[in-house]
């Protein structure tokens, strides 16, 4: 009996131990599974947090997998058009090389209308090259596995190489020893290379639509580098091109043509997004097309615009520049000379030097404001207000259209001498400064939606363009040949200011919008516009002081002894 009881106790103890061991083993298995799943979840969270941190709060919901990979191939008809164009271009230049005059060039009169149109169109095409890529740049960067900040680098990165091309291109031409044939050939060859480069980039981007994610990430930077090289060659003849304009344009017409040039630049920022919208409508045809493919088609559009600029330059740029007639340099003077302010070229050399360097500083301030508006408008409309990229591009017609309208009105006012240049300069600057206040996200703007943003951008952009046009006209008139403030020095600094601002503004603007919001962006714009207004006030004061000094000198001469 005792043995039976001992056996029963041993059996219960063994069962209990077995249950404990089994329970322990089961718990250990569950624990290992829990730890493994926790690690996987943690890794996913870290990866997601890294992606969100890279993209920022405004674009954290967007990623490459949300875009289509459908591509629209470049048709043989487009390729045939490009081949025919290249053949005609080579044939025309072959005739010019043996001594024939370009078809639309004027060798008897330096300041011909077709030539001025060629200058203006070239600036328009340059701005189209920048603005046509803006509407699709964000989607393109995300589809290539990059961030919103990288899209800003794609837009502004090539300007570093463009700046290098401008600096290295300055010694290639000389205003003192001007060689028109050489300057013309330099511009044609560099722009022809850019035209061919755009075509190559377009075909490469079409192929990249079907590459792997890792290959597309690498290709994004490779395409950026190729585009940067193209912008280097595009800027290489820019100083010579601007010097040619300064040689053929009379002083009395420089401010007016500078205003027209600014209007053409602004038109380029309208034409670019609108042409992208038209191109997108034609290519998509209601289909969901890959942003990478659309970027390739955008470069096809850029190649066509580059071809247009080449045609105008080849046909209109002369091989010989005739000297000015005396009547071309005479400027009409109003009857009441007391109300006439001195022109920049009539001021003492020291004042002219200060005007040139003041406007050089202005060239670094104002383009930042303008470039930031171009980028921020697209990004805010697309991300904050949910507009499609095509509509964002077309909506910039409002901003650019207001700028062109103000440019036309200001040109008429200046041509008819209704308002002094200095008053128009100051007035447009202060109005653009006031318009910056509307960029802030005020609570009562909620009912107006995106309209409040477009109104603010229109005011700042349009009146900044007017003041910028007058500034450029004054600088070209104040520049003196053979000094450290000649036209080539000004043009290098002018282009450098524009290119540096266009490099910094897209990256910086998209970064502060993504991480700081609209109000922080508006604060930065307010600071930049205030600096620009201060520069304009100092420049206008120099012109007013020049007239006052002249009157004092006349009074001293007439004073009886």
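Residue numbers (mature numbering (1 follows the signal peptide of the UniProt record, and there is no 0)): -18 to -1, 1 to 543. Using N, Cα and C, we set each Cβ at its ideal position, and we do this for glycine too.
Residue i - containing alpha helix (DSSP H), residue span
i: residue 198; result: 195 to 217
i: residue 364; result: Careful: residue 364 lies outside any alpha helix (DSSP H) and carries neither H nor E.
i: residue 278; result: 273 to 298
i: residue 484; result: 469 to 497
i: residue 459; result: 432 to 460
i: residue 223; result: 220 to 230
i: residue 161; result: Careful: residue 161 lies outside any alpha helix (DSSP H) and carries neither H nor E.
i: residue 302; result: No alpha helix (DSSP H) holds residue 302; DSSP gives it neither H nor E.
i: residue 58; result: 58 to 79
i: residue 140; result: 140 to 151
i: residue 552; result: Any property of residue 552 remains undetermined from this structure, which presents the chain solely from -18 to 543.
i: residue 405; result: 403 to 418
From the options, residue whose alpha carbon lies closest to that of residue i
i: residue 225; options: 335, 243, 157, 56; result: 157
i: residue 448; options: 457, 414, 461; result: 414
i: residue 408; options: 108, 171, 514, 193; result: 514
i: residue 79; options: 167, 329, 481, 281; result: 167
i: residue 268; options: 503, 50, 461; result: 50
i: residue 361; options: 346, 403, 134, 204; result: 134
i: residue 510; options: 489, 467, 492, 442; result: 442
i: residue 527; options: 171, 325, 117, 369; result: 325
i: residue 495; options: 366, 180, 196, 214; result: 366
i: residue 571; options: 521, 305, 71; result: Outside the shown range of the chain (-18 to 543) lies residue 571, about which nothing can therefore be said.
i: residue 60; options: 97, 161, 185; result: 185
i: residue 501; options: 419, 489, 436, 467; result: 419
i: residue 99; options: 323, 470, 270, 242; result: 242
i: residue 181; options: 204, 432, 64, 388; result: 64
i: residue 123; options: 461, 453, 272; result: 272
i: residue 109; options: 328, 329, 211, 246; result: 246
i: residue 229; options: 57, 256, 160; result: 160
i: residue 148; options: 262, 95, 474; result: 474
i: residue 244; options: 103, 74, 176; result: 103
i: residue 187; options: 212, 279, 262; result: 279
i: residue 97; options: 446, 302, 363; result: 302
i: residue 121; options: 464, 417, 387, 364; result: 364
i: residue 499; options: 455, 421, 523; result: 421
i: residue 173; options: 129, 458, 218; result: 218
i: residue 152; options: 503, 286, 488, 476; result: 476
i: residue 300; options: 91, 72, 260; result: 91
i: residue 353; options: 232, 437, 487; result: 487
i: residue 346; options: 453, 383, 368; result: 453
i: residue 288; options: 472, 163, 236, 178; result: 178
i: residue 237; options: 472, 81, 481, 396; result: 396
i: residue 145; options: 467, 479, 525; result: 479
i: residue 524; options: 341, 485, 74, 482; result: 341
i: residue 384; options: 329, 507, 444; result: 444
i: residue 206; options: 183, 248, 240, 403; result: 183
Integer-rounded CB distance, given that residue j should sit under 8 angstroms from residue i
i: residue 258; j: residue 114; result: 5 angstroms
i: residue 169; j: residue 222; result: 7 angstroms
i: residue 450; j: residue 348; result: 5 angstroms
i: residue 216; j: residue 176; result: 5 angstroms
i: residue 87; j: residue 374; result: Between residue 374 and residue 87 the Cβ distance is about 41 angstroms, and since that is not below 8 angstroms, they are no contact.
i: residue 126; j: residue 202; result: 4 angstroms
i: residue 355; j: residue 439; result: 5 angstroms
i: residue 435; j: residue 491; result: That belief does not hold up - the Cβ atoms of residue 435 and residue 491 are roughly 14 angstroms apart, past 8 angstroms.
i: residue 117; j: residue 255; result: 5 angstroms
i: residue 337; j: residue 460; result: 4 angstroms
i: residue 305; j: residue 93; result: Not quite, the Cβ-Cβ distance comes to about 11 angstroms (not below 8 angstroms), so this is no contact.
i: residue 72; j: residue 291; result: Rounded, the Cβ-Cβ distance is 17 angstroms, inconsistent with contact.
Interface flag, residue i vs chain D, CB-CB below 8 angstroms
i: residue 113; result: Annotation note: the requested chain D is absent from the structure, which comprises a single protein chain.
Exercise for review: Just list the beta strand (DSSP E) runs in the segment 82 to 138, keeping only unbroken ones of 3 residues or longer that don't cross its boundaries, in chain order.
Suggested key: none
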